[in-house]
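For the sequence shown, my numbering gives the first residue as 1, with consecutive numbering after it. Remarks on the structure that follows.
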Amino acid sequence: MSSRHLECEVLVAGGGVSGVCCALSAARNGARVILCQDRPVLGGNASSEIRMHVVGANSMRPCADLELEARETGIVEEIRLENAVRNAQRSPSMFDQILYEKCVAEPNLTLMLNTMVAGVAKAGRRITAVQALRLSTEGMKIGSATVFQASSI
């Protein structure tokens, strides 16, 4: 198995909706970002693997008088609005594609699918690098100034 060393300013471990939003936000604000997702698709529970769509503040509730005011905003809304326009059939695979396209369109974001964060290197209490694996192909050491754990564990 080959090994390589990568560097970034922000490492996001977990490519669910929160991890994607975190990575996009950091990249758009100028940070060099690596997003590691241990699955072949982004979205976590909202992906075609699980098929639980994004439900937040504007989900259907008994308090109908507040539904117009309560909504998700920011990058989540950007993703949901694009999904509404491009995915009228509500295909889970199309939602996967929208998340993927958002990530690869960001020049400061390196997307690493099928890549599991398996360990960390620390200096005192601070994480300085992670050990990442693409099973059967390569191992990586990724040095990062900031690490966000956005997986479900």
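Think of the CB as a built atom: it goes at the ideal place given N, C-alpha and C, for glycine as much as any other residue.
Next on the checklist: I'd like to check one pair, Arg32 with Asn108: are the Cβ atoms closer than 7 Å?
Outcome noted: yes
Item to check | Beta-carbon proximity check, Leu6 vs Leu111, cutoff 7 Å | outcome: no
Item to check | Simplified DSSP assignment, three categories, for Ala105 | outcome: coil
Checklist entry - When the Cα atoms are used, what is the spatial distance from Ser72 to Glu82? => result At residue 72 the sequence reads Glu, which differs from the Ser that was named. Approximately 14 Å, taken between the alpha carbons.
Checklist entry - When you compare only the Cα positions, how much space is there between Leu47 and Ala129? => result In the sequence under discussion, the amino acid at residue 47 is Ser, which differs from the Leu named in the question. So the two alpha carbons sit approximately 28 Å from each other.
Item to check | Reference Gly19; option with closest CA among Pro92, Tyr100, Ala88 | outcome: Tyr100
Item to check | Start-to-end residues for the alpha helix (DSSP H) that takes in Arg80 | outcome: 75-86
Checklist entry - If you draw a straight line from the alpha carbon of Thr115 to that of Ala88, how long is it in whole angstroms? => result 31 Å
Next on the checklist: Give me the residue from Arg126, Ser136, Ala121 with the minimum Cα distance to Ile142.
Outcome noted: Ala121
Item to check | Residues that Ala123 bridges to, as DSSP identifies them | outcome: Arg126
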